[in-house]
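Novice:
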Ligand SMILES: Cc1cc2nc3c(=O)[nH]c(=O)nc-3n(C[C@H](O)[C@H](O)[C@H](O)COP(=O)(O)OP(=O)(O)OC[C@H]3O[C@@H](n4cnc5c(N)ncnc54)[C@H](O)[C@@H]3O)c2cc1C
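Residue numbers (the UniProt record's numbering): 1 to 336.
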């Protein structure tokens with residue numbers, strides 16, 4: 001582990017001024033400190049942002065929910081607004097990591113967490129994401145955990161977040177702040193596909209920090225479900241996960257949202273699958289067709305072809321559960 005200078009920021013402006021290409025913010029520290037110890041990230045300056053006033057969750061007048069960047073994963077999962085109106089997000093958060101980690105991990109830190117590709121985390125391996133131009137040992141290596149969607153010759157690393165999969169399905173906007181003011185980026189545009197430049201992971205410029213994430217208003221009456229499939233039942237990243245959300249109009253699907261985790265190089269929204277659901281009967285055959293469409297461009301590596309049927313199944317099961325919950329919700333509201 002290399003030495004770094006540590007300082008605390010006491011305002012967003014202060015934090016933004018401190019952040020240069022060789023500096024890093026620390027929030028919960030659950031990703032950053034691991035990667036510093038592994039010699040994967042080598043910031044010369046670490047700026048602690050925990051004193052910033054970014055810990056509120058508030059409902060906006062337009063029905064959206066604004067989440068401060070420093071709200072912990074635990075507080076967000078158990079927040080009454082999230083449990084009532086965004087159970088999908090609560091489920092996804094609680095499916096991630098462990099209680100201790102969620103108590104420290106923050107909303108923005110989760111968005112910014114790095115891939116768990118073992119070759120990225122091994123400073124001795126070739127990894128274009130960690131060291132541009134060095135190659136990709138995952139392509140010809142042990143790639144069971146790698147991506148089947150969104151990969152390139154340069155990189156096939158999975159984005160590991162559960163929370164981000166729920167946010168991709170719900171629809172959200174990130175607020176990025178710098179000394180020049182604020183700008184907003186749609187959640188789906190924030191994480192980048194690797195292409196030829198996998199080291200450029202997101203749309204955050206030097207001198208910017210994430211200050212909030214604002215969720216779209218909830219669908220109503222709707223059901224939603226987050227299904228995470230993994231090698232062991234807890235404290236493990238997804239092999240495949242699906243976030244599904246839909247509203248019903250009688251037995252027909254009104255609106256539908258589907259996103260995948262564990263299989264894509266970024267949190268993977270499935271707009272074509274969603275289009276195949278809308279206006280169709282809420283039944284297994286419809287869900288299977290949507291799942292086929294969601295995975296039709298999937299490209300397996302030597303050891304991860306199993307992820308394609310696994311992801312399809314996760315979509316079908318998540319949609320089936322979401323439908324059951326939407327029916328229950330509709331009955332409660334007397335609408336179905
Ligand atoms: C053993 C283990 C198991 C895990 N399992 C899961 C899992 O199953 N599912 C899952 O989703 N996650 C999992 N995680 C990842 C965990 O969710 C992340 O480590 C956590 O969310 C990161 O948040 P943090 O606040 O600790 O970030 P930090 O470690 O403090 O920061 C992470 C990155 O974000 C940057 N950053 C932080 N805040 C901001 C900001 N406001 N603006 C701009 N940049 C910022 C930092 O500079 C750094 O690059 C696991 C982690 C561990 C260690």
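Glycine included, C-beta positions come from ideal geometry on N, C-alpha and C.
Compare the C-alpha of residue 292 against each of 249, 301, 302 and 271 and name the closest.
Specialist: Of 249, 301, 302 and 271, the residue nearest in Cα terms is 271.
Novice: Quick check on residue 2: buried or exposed, where buried means 16 or more other Cβ atoms within 10 Å of its Cβ?
Specialist: exposed
Novice: Residue 318 by DSSP, collapsed to three states: which one?
Specialist: helix
Novice: Comparing the CB of residue 173 with every heavy atom of ligand 1, is any distance shorter than 7 Å?
Specialist: Distance from the C-beta of residue 173 to the nearest heavy atom of ligand 1 is not below 7 Å.
Novice: With respect to the alpha helix (DSSP H) encompassing residue 113, which residues constitute its N-terminal and C-terminal limits?
Specialist: Note, residue 113: premise wrong, no alpha helix (DSSP H); not H, not E.
Novice: Helix, strand or coil, according to DSSP, for residue 327 in the structure here?
Specialist: helix
Novice: Check whether the Cβ atoms of residue 235 and residue 170 sit closer than 8 Å, and answer yes or no.
Specialist: no
Novice: Let me check one thing: in DSSP terms, what residues is residue 249 bridge-paired to?
Specialist: 252
Novice: Counting only the same chain and skipping the five closest in sequence on each side, list residues whose C-beta sits under 6 Å from that of residue 91.
Specialist: 226
Novice: If we ignore side chains and look at the alpha-carbon of each, how far apart do residue 75 and residue 106 end up?
Specialist: Taking the straight line from one Cα to the other gives about 9 Å.
Novice: On the DSSP letters alone, give me the boundaries of the beta strand (DSSP E) that residue 173 sits inside.
Specialist: Judged by DSSP secondary structure, residue 173 falls within the beta strand (DSSP E) whose first and last residues are 172–178.
Novice: Can you list, in chain order, the stretches of the alpha helix (DSSP H) that have 4 or more residues and sit fully within the segment 190–256?
Specialist: none
Novice: Ignoring anything shorter than 4 residues or poking outside the segment 50–109, list the alpha helix (DSSP H) runs there in chain order.
Specialist: Within the segment 50–109, the complete alpha helix (DSSP H) runs of at least 4 residues are 73–78, 80–85, 87–94 and 99–104.
Novice: Under DSSP, the alpha helix (DSSP H) around residue 289 begins and ends at which residues?
Specialist: 284–294
Novice: So, for residue 149: in the same chain, excluding its five sequence neighbours on each side, which residues have a beta-carbon less than 6 Å away from its beta-carbon?
Specialist: 263, 264, 268 and 298
Novice: With H, G and I counted as helix, E and B as strand and the rest as coil, what does DSSP make of residue 182?
Specialist: strand
Novice: Can you name the residues that DSSP bridges to residue 23?
Specialist: 45
Novice: Starting from the Cα of residue 242, find the closest Cα among 248, 250, 259 and 6 and give me that residue.
Specialist: 259
Novice: Could you tell me whether the segment 313–328 touches the segment 156–163, where touching means 3 or more Cβ pairs closer than 8 Å?
Specialist: no
Novice: So what does DSSP say about residue 281, is it helix, strand or coil?
Specialist: If DSSP states are grouped into helix, strand and coil, residue 281 belongs with the strands.
Novice: Can you determine whether any heavy atom of ligand 1 sits closer than 7 Å to the C-beta of residue 4, and answer yes or no?
Specialist: For ligand 1, not one heavy atom lies less than 7 Å from the Cβ of residue 4.
Novice: For the segment 25–32 against the segment 184–191, are there 3 or more C-beta pairs whose distance is under 8 Å?
Specialist: no
Novice: Compute every distance between the C-beta of residue 110 and the non-hydrogen atoms of ligand 1, then say whether any falls below 7 Å.
Specialist: yes
Novice: Between residue 14 and residue 66, what straight-line distance do the alpha-carbon atoms span, to the nearest angstrom?
Specialist: 22 Å
Novice: Any chance the segment 179–187 sits against the segment 34–47, with 3 or more Cβ pairs inside 8 Å?
Specialist: no
Novice: Do residue 220 and residue 247 have their beta-carbon atoms positioned less than 8 Å apart in this structure?
Specialist: yes
Novice: Indicate whether the contact test is met: 3 or more Cβ pairs, each with one atom in the segment 270–286 and one in the segment 116–136, closer than 8 Å.
Specialist: no
Novice: For residue 57 versus residue 6, is the C-beta distance shorter than 8 Å?
Specialist: no
Novice: May I ask whether a heavy atom of ligand 1 can be found less than 7 Å away from the beta carbon of residue 369?
Specialist: What is shown of the chain runs 1 to 336, which leaves residue 369 out entirely.
Novice: Between which residues of its own chain and residue 280 is the CB-CB distance below 6 Å, once the five residues before and five after are set aside?
Specialist: 253 and 286
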